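In my numbering, the protein residues as written are 847 to 1007.
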Amino acid sequence: MATRRQFVDVVRGVTSSFCSRNNDYRGVWLPGVLCAQTLPDDRVLIDLLDTRDAGPLTATVQERYRELAYSIMYRSGLPAAMLTHATIEVRFTSRLPSWTREDWKSPRELLPRPTWWFTATATITDDRGRSYTADDTDWCWPESRTLPTVSLYDPAGTLLL
């Protein structure tokens, strides 16, 4: 039997997926694209359920993470009607110095570009008004390449050159 405590799994799933390296937008890492479009502001708030006036980037994030939340809820046995509010807030903080492999024990070197810490916080409110929150932190650089980028590999992993 599903319990409301499983909403914690939903918000954890959303934040861990958002911060994963598989979170691409048109060929580049989504947090870097958000960073480039958000700076000089230090935060962006994305409502996953209210899709009015959403640009293409915001609409992509909304659709992807709304579907993920509903998918986790479905697998947990939670009805979709229990979800009344869902947001992802991303906060950016300058990361100085811009070292590679900040948390690893391997040799570090300075990156030739500024990098930023970001914290993604997912908040979900159920139909009884109870909020569930989870966050995850990682780092990125502002992604300024022209989108979409083209992969050098096909889906099977073969180099296309």
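Every residue, glycine too, gets a C-beta built ideally from N, C-alpha and C.
Source: prediction; values computed, not measured.
Please classify residue i as buried or exposed, where buried requires at least 16 neighbouring CB atoms within 10 angstroms.
i: E913; result: exposed
i: N868; result: exposed
i: D961; result: In the sequence on display, residue 961 carries Thr and not Asp. When all chains shown are included, T961 counts as buried.
i: V854; result: exposed
i: A968; result: buried
Quick one: Cα of residue i to Cα of residue j, how far?
i: D984; j: L891; result: 17 Å
i: R872; j: W963; result: 22 Å
i: L885; j: F864; result: 19 Å
i: T930; j: L880; result: 25 Å
i: I970; j: A932; result: 4 Å
i: G878; j: R976; result: 32 Å
i: L942; j: S990; result: 20 Å
Helix, strand or coil for residue i per DSSP?
i: R937; result: strand
i: A900; result: coil
i: T956; result: According to the sequence provided, residue 956 is Leu. The question's Thr does not apply to it. Three-state result, L956: strand.
In this structure, what does DSSP give as the bridge partners for residue i?
i: S977; result: T971
i: L929; result: D972
i: A966; result: V936, D982
i: T849; result: According to DSSP, T849 bridges with nothing at all.
Worksheet entry | Secondary structure, beta strand (DSSP E): runs of 3+ residues fully inside the stretch 853-926 | 889-893
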